[in-house]
Structures are given as C-alpha cells and as structure tokens.
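2 protein chains.
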Amino acid sequence: MTRANRSRNLAESRKEILAAAFGEIFAHGFHATSIDAILEKTRLTKGALFHQFATKLDLGYAIVDEVIAPMTMARWVHPLASFENPVDGILHQLERNIGRAPQAALNLGCPVNNLIQEMANSDAGFQRRLHRVIERWIDGIEMHIERGQKSGHILKSVTARHVAEYVVMSHEGFFGIIKGLRDKRIFRSLLRSLEVYFAGLIPRTT
Amino acid sequence: MTRANRSRNLAESRKEILAAAFGEIFAHGFHATSIDAILEKTRLTKGALFHQFATKLDLGYAIVDEVIAPMTMARWVHPLASFENPVDGILHQLERNIGRAPQAALNLGCPVNNLIQEMANSDAGFQRRLHRVIERWIDGIEMHIERGQKSGHILKSVTARHVAEYVVMSHEGFFGIIKGLRDKRIFRSLLRSLEVYFAGLIPRTT
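One line per chain: the protein sequences are C and V, in this order. So for the first sequence, my numbering puts the first residue at 402; every next one is plus one. So for the second sequence, my numbering puts the first residue at 402; every next one is plus one.
So, in structure tokens, the structure goes:
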C-alpha cells in the first residue's frame, strides 16, 4: 500500500469510528457505551480502533472535538448568515432542528447537553472540550447579534454577549425539557415565549 | 425488637440509604455510582440495603420519587406562596438557589436535568418518574402564574401553562449551561434576560 493510500485509509477508518461512536454515545451515554458496541457498527477490528484511539476516553474527546463541535456550529450558527435579521435565523433554525425533528431524535436530547450532564463534572478533559464548544457557540451567536444591532434589527442598548448567552441557554433548556417529557408539543409554547423575549430586544418604531 | 421499633429502624435506614445514594448519584451519575460506594457513606450492611431495594434500579427510582420530586417542589414551587407577585418569587428563588449557591454545588448541575440527560432515553422507569417530576413542577408554577394573573401582576392574555413551561425550561437551561461552563458568572446575564421576558408579561399601565 502506498503511503498516500495508507493515510487515506486511516482518515476514512477514523471517520467511520467517530461516526459509529458518536451514534452510540448520543443514544446511550458515554459510560453505557462499550468499545465492542461501537465496533459492531463498523467494519473494523479492535486493533484498527486502538491504533487511532488509545483509550475509550481518547475516543470520547475526539468525538467532542471532531464531531460535536463542528456539528453545533453547522446546525446553529453558520446558517444564520443567510438571514438579514439574525433573530429570524435563530427562530428558523429552532423550527428546523427541533420543531421539524422526529420525536425519536428529540428523545436523544442534545449531544452537547447530554455529555455536559454526564461527564463535565467527573472528567476534566471532557469538561474543557465541552466548555470550548459552548464558548464558540456563544461567540458565533454574539457575532450575529452584533450584526443585527448594526443593521437596526436589535436594540443597540442590549449587550450582544448577554443575548447570545441567553439564546444558547434556551437551546439547552429546550432540548432538556423535551427529552424529559418525551413530548415535543411543548416546543410550540416555548418558541412563542422565546419570541416574547426577542420582542423586548426590538427597537420601537416611533 | 418491637414491631414499632423495627418499622422505625427500617424507615430510618431507608432515609439514610436514600440520602447517601442521592449524594453519590448527583455527583457522579447513575451508571458511575456503585452500591458499594453508596454503602461506604452509610453505617449499613449490603443486606440492609438489599432488604429495602432489590436492585440498584429500584434504588434509583426511589431517589426520584422520594428525594428529587419533593426537593424540586420545596426549592422552586412552594416558596412562591409567600410572594404577592409570583414573578418576584421566581426571580428570588433563582437568586437564592443559583445566584448564591457555591460554584462547586453548581458544577453538579440540577438533579432532575442530570438524570433526564443520562437515563430518560434508556430506561422507561426513570423516564416515567422524571416526566412526572417535570409535570408537577410545571403544574406548580402554573398555579402561581394564574394567581398572578388574578392579582393583576401578569397579563391575563397569556396562557399560564405556557409561562410555566418556559420558566421550568429556563431553570433546566440555567443549570445546564452553568454546569457546562463551570462558571456561574453567566448567571447574572441570564437572569437579566429572563427579566426581559417577564417584562413582556406585565400589564402596561396606561
């Protein structure tokens, strides 16, 4: 095998392991997921897995850095760029990612929130990485809120960072309570209430 | 031993086990907590524990029903009765239970939220019990919101249930993000934003 082929194969098997491990851990939690259960979802050997991830913990860390972090930005932040008013974008993404998601998917909760609740207090490596995911998520929303302030859609008197923190908090809260109730009917009322909050950030037309 | 003594002893050892198990599971999660770790925090034997709880799962269920459910009502719902305006009470309890709580306690998150994220999707018994805790929490807040509508503190045009759902969602969200960041400085800005939401529910004085 050429070196180029070998490194392409390594990259592909890494992706395959990460995708399988993400799915298992998202569905069952980190503790409840075994390396064997992950391997069963791939065509790879245990040797191939341990070649790339020395321990289950290393694999867990890679899932946060290489799967959850980019996924969070792709689902909740980057799409806002196509909305003139970022608040419309935030509501649209909630509608798309929660309102239109099947109940079975929502029962799994939010990958970030799940791992925070399970791992942030007991493992410093998870904690540091999940903290970074949350910070970048807030950073991304803040940037769009500032854009909305410049374009006159959002009051200039509010602190964009605070709005961004509240938006991210409410996403975690939406996922948490929908998972707890296993019933997304509550989504509609939560979204209306979030709109009441946003209404308080709109410049009054006089 | 008389029958009365025996049943008093059983009740006391049940309380002791539940308190120890709650502490361990709150700190480490359900999966990561062993019966041995719980027993180490008590003066009881394994036999005494299994006499009351046939399995670790039974013990987990009892923690939700007998510890977490009443604790949630005692911390977040019952105290609202002493506030003429329930919104003042909600903000006061957040200040007291989160704003003034030590960071180390907040790093543990919310007992309800932790168990939802870890167990609600994988175990129907936990799911049913945690669902009931959330429903009663919402019921309790709803009752106080209705009282606030009658006394003129809250707009009669809003649906009390929806406000209650949003309030409970935001509690879970506050705990979730503070645990994720391991930094309660964000609490101050979240509370201000929640006040922006509440401001949208106040009757306008004309």
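We treat Cβ as the ideally placed atom computed from N, Cα and C, and that holds for glycine. Quick caveat, the model's predicted, so the values are computed rather than measured.
Report task. Give the DSSP-derived three-state secondary structure of E485 (chain C) in the structure shown. Result -> coil
**Report entry** Beta carbon of E417 (chain V) nearer than 9 angstroms to that of L445 (chain V)
**Finding:** yes
**Report entry** Unbroken alpha helix (DSSP H) run spanning N410 (chain C), endpoints
**Finding:** 404–429
Query raised in the report: Relative to chain C, which residues along the stretch 565–580 of chain V have a C-beta separation below 7 angstroms, given in chain order?
Result: E566, Y567, V569, M570, S571, E573, G574, F575, G577, I578, K580
**Report entry** Backbone secondary structure at F599 (chain C) - three-state DSSP
**Finding:** helix
Requested in this report: Determine whether the Cβ of T560 (chain C) lies closer than 9 angstroms to any Cβ atom of chain V.
Outcome: yes
Query raised in the report: Between the stretch 505–523 of chain C and chain V, which residues of the former have a C-beta closer than 8 angstroms to a C-beta of the latter?
Result: N508, L509, G510, V513, N514, N515, I517, Q518, E519, A521, N522, S523
**Report entry** CB contact below 9 angstroms: Q550 (chain V) versus chain C
**Finding:** no
Query - Where T456 (chain V) falls: helix, strand or coil (DSSP) - result: coil
Query raised in the report: Between I517 (chain V) and V534 (chain V), what straight-line distance do the alpha-carbon atoms span, to the nearest angstrom?
Result: 11 angstroms
Query raised in the report: Can you find a heavy atom of the ligand NAD that lies under 8 angstroms from the Cβ of A470 (chain V)?
Result: As for the ligand NAD, it is missing from this structure, which has no ligand bound.
**Report entry** Neighbour flag for V465 (chain V) against chain C, beta carbons, 9 angstroms
**Finding:** no
Report task. Specify the secondary structure class of I539 (chain V) as computed by DSSP and reduced to three states. Result -> helix
Report task. Check the Cβ of Q639 (chain C) against every Cβ in chain V and list those closer than 8 angstroms, keeping chain order. Result -> Any answer about residue 639 (chain C) is impossible in this case: the structure gives chain C only from 402 up to 607.
**Report entry** Neighbourhood of N486 (chain V) by C-beta, 7 angstroms cutoff - its chain only, sequence neighbours within 5 removed
**Finding:** G549, H554
Query raised in the report: Near L556 (chain V), which residues of its chain fall below 6 angstroms by C-beta distance, leaving aside the five closest residues on each side in sequence?
Result: L602, P604
Query - Cβ-based burial, E519 (chain C) [other Cβ within 10 Å; buried from 16] - result: buried
Query raised in the report: Cα separation between H432 (chain C) and N508 (chain C)?
Result: 18 angstroms
Requested in this report: Determine the closest residue to A561 (chain C) out of C:I579, C:S571, C:I539, C:H479, with distance taken between C-alpha atoms.
Outcome: C:I539
Query - Cβ separation of T443 (chain V) and A421 (chain V), assumed to be a contact under 8 angstroms, to the nearest whole Å - result: 5 angstroms
Report task. Would you mind telling me which residues of chain C sit closer than 8 angstroms to D528 (chain V), beta carbon to beta carbon, in chain order? Result -> In the sequence under discussion, the amino acid at residue 528 (chain V) is Gln, which differs from the Asp named in the question. Result: R583.
Requested in this report: Using a Cβ-Cβ cut-off of less than 8 angstroms, list which residues of the stretch 425–458 of chain V approach chain C; keep chain order.
Outcome: A428, H429, G430, H432, A433
Query raised in the report: chain C beta carbons: is any one of them nearer than 9 angstroms to that of V478 (chain V)?
Result: no
Query - Local Cβ density within 10 Å of K447 (chain V), reported as buried at 16 or more and exposed below that - result: exposed
Query raised in the report: Between S414 (chain C) and A470 (chain V), what straight-line distance do the alpha-carbon atoms span, to the nearest angstrom?
Result: 46 angstroms
Query - Local conformation of H554 (chain V) per DSSP, three classes - result: coil
Query raised in the report: Quick one: which chain C residues come within Cβ less than 7 angstroms of G587 (chain V)?
Result: The question names Gly, yet the displayed sequence has Ile at residue 587 (chain V). Under the 7 angstroms cutoff, chain C gives E566.
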